[in-house]
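Undergrad:
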Amino acid sequence: MKILADQNMPLVEEFFSSLGEVKRFDGRSVTSEQVKDADVLLTRSITQVNENLLSHAHKIKFVGTATIGVDHIDQSYLSERGIAFSSAPGCNAIAVAEYVISALYAYSQDRNVELRGKKLAVIGVGNIGKCLAQKLKFSGIELILCDPVRAQEGTLDEHVDIDSALAQADFVTFHVPLVKSGEHKTKHLLNEQRLKGLKSGMLIINASRGDVIDNQALLQAKQSGQKLELVLDVWENEPAILTELMDESLYASVHIAGHTLEGKARGTQMLYEALCKTMHKSATKQLEAFLPIPVVSQCHLNETLDETDYGRIAHMIYDIRRDNGLMRTNLESQGFDVLRKQYPVRREFSTLSISAPYAHQSKLQQLGFRIEQNEE
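Using this note's numbering, count along the sequence shown one by one with no gaps and you end on 409.
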């Protein structure tokens, strides 16, 4: 069996080599000729999987995307062909939530703004939004949750409509799929009209899809003098992004919010398990067997610790300002896709085991750190 996998998916050989021959491809430039002999296609979000790509792939039995979003997959076409499909919902929820938390702490430090008492609108309360809300449960930040789909389903009791949420919030973070039409359209969810109604100094974070915000309208708002703080990981027209908008952003990155080693590898594991199920085989391999030991795995915190130190602890594992610097310094010379492909290894908060004063243990644990239980 020939298994064709995106070159940026980690641990594919480790998980899939016992099932078939693994070949790699460039997700941005893959052609129908490359996939024509494939039995299995494993992609990420930059590959459009549709009839144009698969028209000559007569052997293909399974398509998997190691991503939460599926707007790049023509599922109707796959269904017509009888091709099994799987995505990886929730695989990078922790990673994206920790990206947002790192951004909030960096913003707090760089702008000397107290987070406690501020209001954060979380637009989209699926796997990522729910994970973020859980991590911030004891942060002192008031959460405003907006997700009309889940409200209609009856799975979100605290739903606030988007315009009310934006009117109240000091910060907003987007975690919605890209939906281009219909009742719950998210393309240009933050548009020119809504931008005009935002509070002065609003912090806007987008780590969902670039098209969720009208980038031209956002640039125009900034250039006309509207006071907004921007944290942008995703952009319209990637990789040919609006570089002027990067210049107007506080922190910018190359669509890597979900790119922890654990997050990407979970996606690979989920596709491995889905393919095994399709093939009626037992999934015997586990992620923990393949992950390397992190460089920093333990720390001891003294009684002098206070909540203003939480950001410093989070930044020991991941500081968004590293990725902001990498993008600004290297985008012109290397390009968006190269920077994304060569993204440095990043780990999750759970890789750090902390010995902390008892009063701080539950809050640090809620953020995602492992706590060493001390004798009192």
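C-beta: ideal position from N, C-alpha, C; glycine also.
Could you check what DSSP says for V133 in three-state terms: helix, strand or coil?
TA: Within the sequence shown, the letter at position 100 stands for residue 133. It is helical.
Undergrad: Classify R77: buried if its beta carbon has 16 or more other beta carbons within 10 angstroms, exposed otherwise.
TA: In the sequence shown, residue 77 corresponds to position 44, counting from 1. By the 10 Å Cβ count, R77 comes out buried.
Undergrad: Applying the criterion that 16 or more other CB atoms from any shown protein chain within 10 Å of the CB defines a buried residue, is D190 buried or exposed?
TA: In the sequence shown, residue 190 corresponds to position 157, counting from 1. D190 is exposed by the Cβ-count criterion.
Undergrad: Which ranges does the alpha helix (DSSP H) cover as unbroken runs of at least 4 residues, wholly within the segment 260–309, from first to last along the chain?
TA: Fully enclosed alpha helix (DSSP H) runs of 4 or longer: 276–280.
Undergrad: Between the beta-carbon of E269 and the beta-carbon of L283, is there less than 7 Å?
TA: Residue numbering aside, residue 269 sits at position 236 when the sequence shown is read from its first letter. Residue numbering aside, residue 283 sits at position 250 when the sequence shown is read from its first letter. It is not a contact, given that the beta carbons lie outside the stated cut-off.
Undergrad: Evaluate H89 with the Cβ neighbour count: other Cβ atoms within 10 Å of its Cβ, from every protein chain shown; 16 or more gives buried, anything less gives exposed.
TA: Within the sequence shown, the letter at position 56 stands for residue 89. When all chains shown are included, H89 counts as exposed.
Undergrad: Could you pull out every residue in the same chain whose Cβ sits closer than 7 Å to the Cβ of H348, ignoring the five residues on either side in sequence?
TA: Taking the sequence shown and counting its residues from 1, one reaches residue 348 at position 315. The answer, listed in chain order, is S135, Y138.
Undergrad: What number of angstroms, rounded off, separates the C-alpha of G102 from the C-alpha of K255?
TA: What you label residue 102 is simply residue 69 of the sequence shown in a count that begins at 1. What you label residue 255 is simply residue 222 of the sequence shown in a count that begins at 1. Using only the alpha carbons, I get a separation of about 29 Å.
Undergrad: Whole-angstrom Cβ separation of D418 and V82, contact assumed at under 8 Å?
TA: Nothing in the structure corresponds to residue 418, since the chain is present only between 34 and 409.
Undergrad: Are the CB atoms of Y140 and A290 nearer to each other than 7 Å?
TA: Numbered from its first residue, the sequence shown carries residue 140 at position 107. Numbered from its first residue, the sequence shown carries residue 290 at position 257. Contact: no.
Undergrad: May I ask you to verify whether the segment 154–165 touches the segment 123–132, counting CB pairs closer than 8 Å and requiring at least 3?
TA: Flag = yes, the segment 154–165 and the segment 123–132 touch.
Undergrad: Buried or exposed for T100, going by 16 or more other Cβ atoms inside 10 Å?
TA: Sequence index remark: in the sequence shown, residue 100 carries index 67 (1-based). Buried, since its Cβ has 16 or more Cβ neighbours within 10 Å.
Undergrad: Out of Y110, I79, N41, D104, which has the shortest C-alpha to C-alpha gap to K94?
TA: To locate residue 94, count along the sequence shown from 1; it is residue 61. If we check each option's Cα against that of K94, Y110 comes out closest.
Undergrad: Quick one: using the 10 Å Cβ neighbour count with 16 as the cut-off for buried, is R345 buried or exposed?
TA: Translated into positions along the sequence shown, residue 345 becomes position 312. Exposed.
Undergrad: Can you say whether Y351 is buried or exposed, counting buried as having 16 or more other CB atoms within 10 angstroms of its CB?
TA: Locating residue 351 in the sequence shown gives position 318, where the first residue counts as 1. Counting Cβ neighbours within 10 Å, Y351 comes out buried, since at least 16 surround it.
Undergrad: According to DSSP, is H413 part of a helix, a strand, or is it coil?
TA: Any property of residue 413 remains undetermined from this structure, which presents the chain solely from 34 to 409.
Undergrad: Check whether the segment 170–180 and the segment 151–158 are in contact - that is, three or more C-beta pairs closer than 8 Å.
TA: Enough Cβ pairs lie closer than 8 Å, so yes.
Undergrad: Of the choices E321, R183, I246, G97, whose alpha-carbon is the least far from that of I274?
TA: In the sequence shown, residue 274 corresponds to position 241, counting from 1. Among E321, R183, I246, G97, the Cα nearest to that of I274 is on I246.
Undergrad: For a test of the three-state rule: what should DSSP assign to T317, helix, strand or coil?
TA: Locating residue 317 in the sequence shown gives position 284, counting from the first residue. Correct three-state label for T317: coil.
Undergrad: Going by beta-carbon coordinates alone, are A392 and L44 separated by less than 7 Å?
TA: Residue mapping note: residue 392 aligns to position 359 of the sequence shown, counting from 1. Residue mapping note: residue 44 aligns to position 11 of the sequence shown, counting from 1. Cβ atoms of A392 and L44: not closer than 7 Å.
Undergrad: Under the DSSP definition of a beta bridge, which residues are partnered with N160?
TA: The residue given as residue 160 occupies position 127 in the sequence shown. N160 pairs with nothing; no bridge assigned.
Undergrad: Enumerate, from N- to C-terminal direction, the unbroken alpha helix (DSSP H) stretches of 4 or more residues contained entirely within the segment 338–368.
TA: Counting whole runs of 4 or more residues, the segment 338–368 contains the alpha helix (DSSP H) stretches 343–350, 353–367.
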